[in-house]
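Heads up: the sequence shown begins at 29 in this note's numbering, then just goes up one per residue. Just so it is clear, CB atoms sit at the ideal spot from N, CA and C, and this is done for glycine as well.
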Amino acid sequence: MPSDSPQPGQKWQDQPPRPPRFGGGGVFVVVFLSIAACIGLVVLLANERQNLKAMTRWLGVDHYLAALHEAPRPPQPLKSQRNLSPTVILPDHFIREPDIGVVGVFVREMRDLGPAFCAAFDSSGINNEGWKASQVDRSTFECLSEDLVRPIGGDEPTASFFFIAKGQPDGEINSIRMKLIAPDTDAGRASHDKLVNAVSTLIHETGWSDLAQLLDSTRKLSDYTTIRFGMSYKFTKEFTGEDRYNLIILPINKDPLVKRAREYFDRSNWLPVPSLSGQMMRLPRATAS
C-alpha cells in the first residue's frame, strides 16, 4: 500500500496553512447578534416590563407564563387523615407580666354630673336654669349663674359672683369656672360667702374630700394651685384689679400616663353597643305544648 510517510532520505514537504474556521464575517455576525440581543432585552425589560408583557400577549403565551408563576396548591388531605392543628406562637407580651407602672393611672372625671350638679347648686342658693345647650354653641351644654350686687347709694363698688360649668350633652363636665368680685363691703362679703358655698357643694357632689385646702384658700382668699389625679385646680387673684378672684377647674393631660388613661376611657373611641332589644327579638321562643 502506498504510504504518505517519506522514504528514507526524503524530507517532508511544507503543507499549506489551513484557513481559519471562522472568518471575519462570522465574527461580525456573532458580535452583531450579541449586541442586538442585549438591546432587545433592555427594550423588553424597560417600563416595568410592559413591552415584554405586550409581546407575550401578542404571541398568545401570557396564560402559559401565568400558569408557571401560579403558587402550587397545597395537597388535599385524604379522608382517613386528620387535619393537624397549626402551631400558634404567642408574642412575648401575652406571657410576660405587665408593667403596672406604664399601664395607666387613676384619673378624675366629671361624667354624668351635669344635670345633678346644676340642680345641687340651685338648691344651695346658686340659681341657674339647669343643664342645657349653650346659646353660643349648641353642641356644648352648660349651666351658669351670675349674681351682681350693685350698691343702692353711695360710692361703694359693685360686688358679684359668677359660676359656669361646661360640658357634653350626656352630662360630662369638661370645665368649671367661678369668678368673684368681693370688695370690703356687705355685698362683697355676701358674694364671698357664695363662693365658699359653691366650693363646698362641689366637694360634696364629687366626693373629692382631699380638696379641704382649696376650700380653706377660698375662705382666706389666698392663692392655691394643685393637680390631683389629672384634674387641675387653680384659685388665684386677678392682677387687673383688687378684690377680683378666679377659680378654674379642668382636666389636664400633661402626664403621658394620664393622657393614656383618658384616651382608654374616652367613650367616643369605643365601638357602638348593639341593641339588646333587637337581639331578644331574634331569639327563638318556646311554644306551649
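Could you check which residue in the options has the C-alpha nearest to that of residue i?
{"i": "PRO279", "options": "TYR273, LYS262, PHE267", "result": "LYS262"}
{"i": "LEU141", "options": "SER260, LEU230, PRO211", "result": "LEU230"}
{"i": "MET138", "options": "GLU200, ASP120, SER188", "result": "GLU200"}
{"i": "GLY195", "options": "GLY158, VAL116, LEU249", "result": "GLY158"}
{"i": "PRO185", "options": "SER151, ARG217, LEU61", "result": "ARG217"}
{"i": "ASP238", "options": "SER219, MET259, LEU249", "result": "MET259"}
{"i": "MET206", "options": "GLU270, ASP120, SER219", "result": "SER219"}
{"i": "ASP212", "options": "LYS287, ASP183, ALA240", "result": "ASP183"}
{"i": "PHE190", "options": "ILE117, ASN75, ASP221", "result": "ASP221"}
{"i": "ARG288", "options": "GLY235, SER228, VAL133", "result": "VAL133"}
{"i": "GLU266", "options": "PRO302, LEU249, PHE60", "result": "LEU249"}
{"i": "CYS146", "options": "TYR292, HIS232, GLY68", "result": "HIS232"}
Give the straight-line distance between the Cα atoms of residue i and residue j, rounded to the nearest whole angstrom.
{"i": "ARG77", "j": "ASN281", "result": "54 Å"}
{"i": "PRO300", "j": "ALA148", "result": "32 Å"}
{"i": "ILE277", "j": "LEU176", "result": "22 Å"}
{"i": "SER203", "j": "PHE257", "result": "15 Å"}
{"i": "VAL135", "j": "ARG178", "result": "41 Å"}
{"i": "ILE209", "j": "ASP244", "result": "18 Å"}
{"i": "TRP298", "j": "ILE154", "result": "36 Å"}
{"i": "VAL318", "j": "ASP271", "result": "With the chain running from 29 to 317 in the structure shown, residue 318 is simply not present."}
{"i": "PRO197", "j": "GLN241", "result": "31 Å"}
{"i": "TYR273", "j": "ARG290", "result": "30 Å"}
{"i": "VAL70", "j": "VAL55", "result": "23 Å"}
{"i": "ARG124", "j": "ASP283", "result": "25 Å"}
{"i": "ALA375", "j": "ASN75", "result": "Outside the shown range of the chain, which is 29 to 317, sits residue 375, and nothing can be said about it."}
{"i": "ASP294", "j": "ASP165", "result": "22 Å"}
{"i": "PHE122", "j": "THR234", "result": "38 Å"}
{"i": "ILE63", "j": "THR115", "result": "54 Å"}
{"i": "ALA161", "j": "THR253", "result": "30 Å"}
{"i": "TRP236", "j": "LEU304", "result": "35 Å"}
{"i": "LEU80", "j": "PHE60", "result": "22 Å"}
{"i": "SER152", "j": "PRO119", "result": "56 Å"}
{"i": "PRO302", "j": "SER296", "result": "15 Å"}
{"i": "ALA65", "j": "TRP86", "result": "20 Å"}
{"i": "THR84", "j": "GLY68", "result": "14 Å"}
{"i": "ASP150", "j": "GLN163", "result": "20 Å"}
{"i": "ALA316", "j": "TYR292", "result": "With a pLDDT of 48 at ALA316, under the threshold of 50, the modelled position of this residue cannot be trusted; read the value that follows with caution. Going from the Cα of ALA316 to the Cα of TYR292 covers about 47 Å."}
{"i": "SER228", "j": "ILE255", "result": "18 Å"}
Any idea which residues DSSP pairs residue i with across the strands?
{"i": "ASP336", "result": "The structure shown does not extend to residue 336, since the chain spans only 29 to 317, so no value can be given for it."}
{"i": "PHE263", "result": "TYR252, LEU275"}
{"i": "PHE169", "result": "ALA161, GLY195"}
{"i": "SER219", "result": "DSSP, once it has assigned bridges, lists no residue as partnering SER219."}
{"i": "ILE209", "result": "SER188, ARG272"}
{"i": "ILE204", "result": "ALA193, ILE277"}
Suppose contacts are defined by Cβ-Cβ distances below 8 Å. Is residue i in contact with residue j by that definition?
{"i": "SER173", "j": "ASN156", "result": "yes"}
{"i": "ALA187", "j": "ALA226", "result": "no"}
{"i": "ALA193", "j": "GLU170", "result": "yes"}
{"i": "ASP251", "j": "THR268", "result": "no"}
{"i": "LEU275", "j": "THR246", "result": "yes"}
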